[in-house]
Amino acid sequence: MAILTLTDISKKFGGLAAVSDLNLQVEEDTISALIGPNGAGKTTVFNMITGVYQVTSGSITYDGNNICGLAPHKIVEKGIARTYQNIRLFKKASALENVMTGFHSRTKAGLFNIIYNRKAMLAEDAKVKRDSLDILDYLGIADMRDYQARNLPYGHQRLLEIGRALATQPKLLLLDEPAAGMNEKEKISLIDTIRRIRGDFKLTVLLVEHDMQLVMNISDKITVLDFGKWIAEGTPESIQRNDKVIDAYLGRGEKQG
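Below, the structure is given as structure tokens:
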């Protein structure tokens, strides 16, 4: 069953078409990848799914509901979380505080409880802190909970951003270049982490990634874009043999040579 369906979606910036008539289905409980050369439109697709950009045409259905036109925070509330190609942590906040901010969309204290029911507010805050520590522990970085995010090693910053996304309690997790800047050991660990997250948190994962070894090792299905257009879709094995994909990444001349 598809948890996310993109139907003929397009995005134009002035006269430039960044994405054209894209159709994509993401099946529940899978790990899917969206790949393509630089400028293929992958991050633009993520931005449309998460409400950062509104579609020029087409529709996006998540969990049976059309989410086009919703603000980004409303889409988070519905159960879609994401990370970014360029890490967007609160650099001066601690690792723990960064994860706690992710729970904001699920907390209920509100202004009334802050003023009139401080006991409930404090109890909720304590639970958020405990749950945030649990996420840090799950990701193996609980010992760095008091470090400012900017002082964490780069690979740990990537994990922290995933942790903050998990704190929003999503059903669909979008990972934009999660392996960017990681060394080989960190990438191997990341593959294991994404697989564990999918199972333990009962998530569906859609990722954009340039590291083909990671993509081929982790994906159930791969969709390929080039110049904003769909060119191929299938299993890792079929994608590796697809001439259109080879051409998009290497060019016909390199393929022949």
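The numbering used here puts the first residue of the sequence shown at 1, with every later residue one more than the last. The beta carbon of each residue, even a glycine, is placed where N, CA and C say it ideally should be.
Have a look at the DSSP bridge pairing and note the partners of residue i.
i: L292; result: The requested residue 292 is not part of the displayed model; the chain covers only 1 to 257.
i: D34; result: In the sequence on display, residue 34 carries Leu and not Asp. DSSP output for L34 lists V208, T223 as bridge partner(s).
i: E27; result: A2
i: L22; result: I9
i: I60; result: L6
Hey, could you find the ends of the beta strand (DSSP E) residue i is sitting in?
i: K221; result: 221-226
i: T43; result: No beta strand (DSSP E) contains T43, which is instead part of the alpha helix (DSSP H) from 42-49.
i: I67; result: No beta strand (DSSP E) holds I67; DSSP gives it neither H nor E.
i: Y53; result: Where Y53 is concerned, there is no enclosing beta strand (DSSP E), given that its DSSP letter is neither H nor E.
Count the other C-beta atoms from every protein chain shown that fall within 10 angstroms of the C-beta of residue i, then say buried if there are 16 or more, exposed otherwise.
i: D200; result: exposed
i: D243; result: exposed
i: Q240; result: exposed
i: P178; result: buried
i: T43; result: buried
i: Y62; result: buried
i: G41; result: buried
i: D192; result: exposed
Given 7 Å as the limit, tell me if residue i has its C-beta closer than that to any heavy atom belonging to the ligand PLP.
i: I9; result: What this structure holds is no ligand at all, so the ligand PLP is not there to describe.
By Cβ distance, which residues of its chain are closer than 8 Å to residue i, with the 5 residues on each side in sequence left out?
i: I194; result: I31, L175, P178, V205, L207, I218
Once you ignore the five residues that flank residue i on each side, which residues in its own chain have a CB closer than 7 Å to its CB?
i: N47; result: Y53
Grab me the residues of residue i's own chain with a C-beta within less than 6 Å of its C-beta, minus the 5 sequence neighbours each way, in chain order.
i: S105; result: V76, E77, T168
Quick one: which unbroken beta strand (DSSP E) runs of 3-plus residues sit fully inside the region 72-157? Chain order, please.
80-82
Quick check on the DSSP output: what are the complete alpha helix (DSSP H) runs of length 4 or more inside the region 166-248, in order along the chain?
184-200, 212-218, 236-240
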